[in-house]
Amino acid sequence: MIDLAKETHLSLPTIQAQLIEKTGKRISDSTLKRILKAAGQCWKRIRKSVKGKRNQEDFEAASLEIEELKKQHRNEEIELWFFDESGFDLQPTVPYAWQPIGTTLEVPSEKSQRLNVLGFLTPDNRFESFCFDCSVDSDVVVACFDEFYKGNSAKKRVVILDNASIHTSSKFIENIEKWAKNGVFIKYLPTYSPELNIIETLWRFIKYWWLPFEAYYSFDNLVNEVEKILRNIGSEFKICFS
């Protein structure tokens, strides 16, 4: 039974059905849960992965390079920033919540405007963001980088980002030299390597942990709650990046 759960990752009803088919016996759900927990199994969300699509050698080389850049950042030799975009709307990401037995918490869900956030994050939770209620294209991204490089810094700033089309367009690329002359250097991640971009973790924390239910009551509420979190990243809201 344990091997069946480990090998197939099935739900309890499916495991029960296969046990009955193979042994002719049935055990209670509570007993099955207890046995699985004792064997170190737990029931949780399965994460989507793109590992099978990427070049593992490129991924490992980039991982080592980023670790070296993080070390330089800790030693205050450079500033290391991670850049990405994320969108927020009234279709909440609330997979689980503790609830009184016999009741079900409900959160409003509807199609709505979308708040797009473009952010720069360091491993020690320094954060800069730009919010838009329009679609995001290369012009918007370039405008954000133009504002970012104007920030005062005596150190070289390395910005890590993925290979999204709005980051690799001719409009974006033609500005890279200008930014480099102002101390901001672009470093692309290998394709299909979201785990290497720590700001992806920030977006998950905001959506899964930090946004309150009442944020989804209206678009105005959502904007207010998201902006409240963005203003307080590094103080009230922190992530420990090991």
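Going by our numbering, the sequence shown opens with residue 681, and the numbers climb by one from there.
Glycine included, C-beta positions come from ideal geometry on N, C-alpha and C.
query: Anyone know if the C-beta pair for residue 762 and residue 870 falls short of 7 Å?; result: no
query: Does residue 743 come out as helix, strand or coil in the three-state DSSP assignment?; result: helix
query: Let me know the secondary structure DSSP gives residue 781 once reduced to three states.; result: coil
query: Can you tell me which of 837, 873, 836 puts its alpha carbon nearest to the alpha carbon of residue 736?; result: 873
query: If I'm right that residue 768 touches residue 795 with Cβ under 8 Å, what's the distance once you round it to whole angstroms?; result: 5 Å
query: Using a Cβ-Cβ cutoff of less than 6 Å, which residues in the same chain neighbour residue 865 once the five nearest sequence positions on both sides are dropped?; result: 838
query: Identify whether residue 907 lies in helix, strand or coil by the three-state DSSP scheme.; result: helix
query: Could you compute how far the alpha carbon of residue 746 sits from the alpha carbon of residue 861?; result: 22 Å
query: What is the DSSP secondary structure of residue 880, counted as helix, strand or coil?; result: helix
query: Hey, residue 909 and residue 917 are a contact pair by Cβ (cut 8 Å); roughly how many whole angstroms apart?; result: 6 Å
query: Kindly confirm or deny that the segment 839–848 and the segment 810–824 touch, where touching means at least three C-beta pairs closer than 8 Å.; result: yes
query: Going by DSSP, what residue range makes up the alpha helix (DSSP H) through residue 826?; result: 818–829
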